[in-house]
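Asker:
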Amino acid sequence: MIQTKVMITYEDLDHKARYVARMVGVEGEGELTITKISDKIIIADHTSVPDSMRGKGAAAALVQYLIDDARSKKQRIIPLCPFVRAQSMKHPEWADVFDIR
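Start counting the sequence shown at 1; every next residue gets the next number (full-length UniProt numbering).
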């Protein structure tokens, strides 16, 4: 089975932002939205992907991009989004970027 690559972009919307997932040949886009509390604290609000992207790794790619971005910016993530929270529990190696309250 050939896996379609997930392409992630970042859109800065002032105190909000979003990571957008697109796949060549796959209709729609997924997103992971965040709220920027400060330069060091962000809230992962919501993750969604259309049915056309389900099971193709798009949501996981969005979370991985969020983690990598937070690490590079030395930020902590408060995971209000249930999917991001669940992923944080499955990956103890990400503990350095999560602020579980």
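Beta carbons: idealized from backbone N, C-alpha and C, even for Gly.
So, at 6 angstroms on beta carbons, what are the nonlocal neighbours of Lys90 in its own chain, with the 5 sequence-adjacent residues on each side left out?
Answerer: Cβ neighbours of Lys90 beyond the five flanking positions: none.
Asker: Give me the DSSP bridge partner(s) of Glu11.
Answerer: Bridge partners of Glu11: Arg18.
Asker: Can you check whether the CB of Ala17 is closer than 9 angstroms to the CB of Ile37?
Answerer: Cβ atoms of Ile37 and Ala17: not closer than 9 angstroms.
Asker: Measuring straight from C-alpha to C-alpha, what distance separates Asp96 and Tyr19?
Answerer: Going from the Cα of Asp96 to the Cα of Tyr19 covers about 20 angstroms.
Asker: Going by other Cβ atoms of all chains shown within 10 Å of its Cβ, with 16 needed for buried, is Val49 buried or exposed?
Answerer: Buried: at least 16 other Cβ atoms inside 10 Å.
Asker: Give the DSSP-derived three-state secondary structure of Arg44 in the structure shown.
Answerer: Checking the displayed sequence, the identity of residue 44 turns out to be Ala instead of Arg. Strand.
Asker: Less than 9 angstroms separating the beta-carbons of Leu13 and Val84?
Answerer: No, these two residues do not count as a Cβ contact at 9 angstroms.
Asker: The alpha helix (DSSP H) with Lys73 in it runs from where to where?
Answerer: Start and end: Ala58 to Lys73.
Asker: How close, in whole Å, do the beta carbons of Ile78 and Asp99 come, if the pair is a contact with beta carbons under 8 angstroms?
Answerer: Yes, Ile78 and Asp99 are in contact; Cβ-Cβ is about 5 angstroms, under 8 angstroms.
Asker: Per the DSSP calculation, Ile100 is bridged to which residue(s)?
Answerer: Its beta-bridge partners do not exist; DSSP assigns none.
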